[in-house]
Amino acid sequence: MAERHSSAQVVMELMLHEAAANGDDRRIEELQIYIKRGKILINQPDVEWGNRTPLHCAAEGGNPRCVKLLLESGANPYARMTGGWTPAHCAAEAGRSEILQMLTDYRTPIDIQDDYGDSPRNIAEIYGQRECEEILKRAEEHPVRNYSFKSKRLWGTVQSFTEEIQENVRKTAIEKK
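In this text, residue positions in the sequence shown follow this note's numbering: the first is 151, and each later residue adds one.
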């Protein structure tokens with residue numbers, strides 16, 4: 151986790167989380183200048199709210215413009231909150247089909263499993279979100295193999311790093327048995 155430098159930064163990051171959760175796209179737009187200057191860490195998890203990032207909050211909240219602004223500002227679509235949920239899991243649970251479609255259009259893999267082995271599609275099924283289930287089923291039929299340059303450059307490394315960590319944790323657990 152990144153080190154925080156000032157109480158002003160903490161307040162601005164809280165404002166970003168709140169704006170994302172409330173669907174306040176105008177506030178997010180206002181905060182983008184601080185994101186670009188590095189004054190707000192766009193992927194800072196809120197430890198008091200299950201390690202959700204602003205993108206998790208926006209995906210659950212359902213405002214497509216918020217999600218778009220966050221993605222365009224460098225939000226990590228692979229970010230995992232407590233339990234291993236990605237923003238796609240949050241959108242699936244809440245029935246945010248438009249957000250799921252946006253994530254797939256943004257070339258984000260949506261088949262990442264949480265800590266319990268559930269994909270966003272499983273979550274949509276559990277919560278009875280049929281439209282989300284259909285979007286995710288179609289997306290799974292055409293998995294993302296070639297990420298966009300931005301996505302590949304920024305998050306392809308994150309995914310392989312995460313897989314490496316998971317493998318090391320698995321090996322350590324086996325060794326302890």
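Note that beta-carbon positions come from the ideal geometry of N, C-alpha and C, so glycine has one too.
In this text the structure is predicted, and so the values were computed from the model without any measurement.
- The three-state reading of DSSP puts D174 in coil, since its state is none of H, G, I, E or B.
- Between A289 and T232, the C-beta gap is not smaller than 7 Å, which leaves the two residues out of contact.
- D265 sits exposed, since fewer than 16 C-beta atoms from the chains shown fall within 10 Å of its C-beta.
- About 4 Å separates the CB atoms of A242 and P270; that is less than 8 Å, so the two are in contact.
- In the three-state reduction of the DSSP assignment, D255 falls in the helix class.
- Cα atoms of R230 and Q182: separation of roughly 22 Å, rounded to the nearest angstrom.
- In terms of CA proximity to Q279, E248 leads the group E248, Q263 and M252.
- Non-local beta-carbon contacts of P195 in its own chain, meaning distances under 6 Å to residues more than five positions away in sequence, involve N201 and T203 in chain order.
- Around W235, the same chain offers D264 as residues with beta carbons nearer than 6 Å, after the five sequence neighbours per side are excluded.
- At a Cβ-Cβ threshold of 7 Å, G211 and G173 count as neighbours.
- Annotated three-state conformation of R288 is helix, per DSSP.
- Straight through space, the alpha carbons of G245 and L220 are spaced by roughly 20 Å.
- Collapsing the DSSP output to three states places R215 in a helix.
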